[in-house]
Amino acid sequence: MEYIHKSVLLDESIAGLNIKEDGIYVDCTLGGGGHTEEILKRATNGKVIGIDQDDYAIEKAKNKLKNYKNFIPVMNNFSNIDEILDELNIEKIDGIIFDLGVSSFQLDIPERGFSYNHDMPLDMRMDKSQTTTARHIVNGYEENELSRILYDYGEEKWAARIAKFIVQEREHEFIETTGQLVTIIKKAIPKQVRQEGSHPAKKTFQAIRIEVNRELEILDNTIKSSVERLNSGGRICVITFHSLEDRIIKNAFVDLNKDCICPPEFPKCMCDHRRKLKIITRKPIIPSEDELTENRRSHSAKLRIGERV
């Protein structure tokens, strides 16, 4: 398969990194290599580390970026950023970027089980070596836990009803494929609602994918540990694709922008926390009208930028 992935908010995020020719940069979500390549073009005397837990993405990026001698591909989860940099004997970096969500190529490979447009085995793993799949969650979680995940991670207002229908269906047979799951979701959501807006399975698939890959669980800590690695003046750029991610990034940036994070009822500061980040984007940057027209996957994207103090 030809590997095609159009990076979202590419120009804005590259400008936000404020790249130095001899700087050290990390792309924590290598994917199709779009952001990495643009950084490499500018950091000609520096180093650019590209991290991805997907072996397919790593191999394709290696091939695409083979002419750049200062490119360092790393197959790992970005939550291990400290260990990755330690192994490379890198103490501090000048910029780091996160392009969250599923890459186009992962959606476009039906066998990966991310897409509700193909009938394939329920999988949704970013890292194919991990054991937990969408199949385990759909068939193994209790109804109340399924409902919580769909509501919290998918912001699905029909979460309880969808969870109930899933549990009822699996009493008769295992739910093995994305097609089966889509059929159940369509049964659970009233017909008049299904005909409005986006695909009825979109929010449920998002929620299950987040649970499979522990996406939100690791995000807050990773952002904060990444900022610790930045040189003074170094930039962090984070592109999110749904409100849950954006809220986590916004709150992390706000905390990192404070001198004290003690509860308000404390009579004096007990945390010894010191401001580490200047917020560059008070409001997130969103795609231009042109990008929205050219790239349908950019519609919910938001970019936040911070600078190490």
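Residue 43 is where the sequence shown starts when you use this note's numbering, and the numbers rise one by one after that. Note that the Cβ used here is the ideal one computed from N, Cα and C, for glycine as well. In this text the structure is predicted, and so the values were computed from the model without any measurement.
query: According to DSSP, residues forming a beta bridge with E349; result: R277 and K320
query: Backbone secondary structure at T78 - three-state DSSP; result: helix
query: Closest residue to I56 among E257, R236, E129 and R277 (Cα-Cα distance); result: R277
query: For I138, the residue or residues it bridges with in DSSP; result: V68 and I278
query: For G92: DSSP bridge partner residues; result: D69 and P115
query: Supposed close pair E215, L164 - CB separation, criterion 8 Å; result: About 13 Å; that fails the 8 Å criterion.
query: Exposure label - C279; buried when at least 16 CB within 10 Å; result: buried
query: Cβ separation of I61 and I81, assumed to be a contact under 8 Å, to the nearest whole Å; result: 6 Å
query: Straight-line gap, D314 to N299 (C-alpha atoms, nearest Å); result: 14 Å
query: Contact belief for L272 with K134 at Cβ below 8 Å, rounded distance in angstroms; result: 7 Å
query: Cβ shell of L261 (< 6 Å), same chain only, five flanking positions each side left out; result: I290
query: C-beta contact flag for V180 and L223 at 8 Å; result: yes
query: Nonlocal neighbours in the same chain, by C-beta distance under 7 Å from P326, ignoring five residues either side; result: D288, K344, L345 and R346
query: Reduced DSSP category for I360 - H, G, I as helix; E, B as strand; rest coil; result: Residue 360 cannot be examined here, being either before or after the span of the chain that is shown, 43 to 351.
query: Run of the alpha helix (DSSP H) containing G34, from where it starts to where it stops; result: As shown, the chain starts at 43 and ends at 351. That puts residue 34 outside it, with no answer to give.
query: Reference L170; option with closest CA among P329, D97 and Y193; result: At residue 170 the sequence reads Lys, which differs from the Leu that was named. Per the Cα distances, D97.
query: For L142 and E184, the rounded distance between their alpha carbons; result: 28 Å
query: Cβ-based neighbour list, G137, same chain, cut-off 6 Å, excluding 5 preceding and 5 following; result: L59, Y67, G276 and R277
query: Alpha helix (DSSP H) segments (min. 4 residues) lying fully within the stretch 224 to 253; result: 233 to 236
query: Paired residues, beta bridge with P329 - DSSP; result: DSSP lists no partner for P329.
query: Close-in-space but distant-in-sequence residues of the same chain around E44 (CB under 6 Å, 5 per side omitted); result: Summary for E44: the model assigns pLDDT 43, below 50, so the residue's position carries little reliability, and this model does not support an answer.
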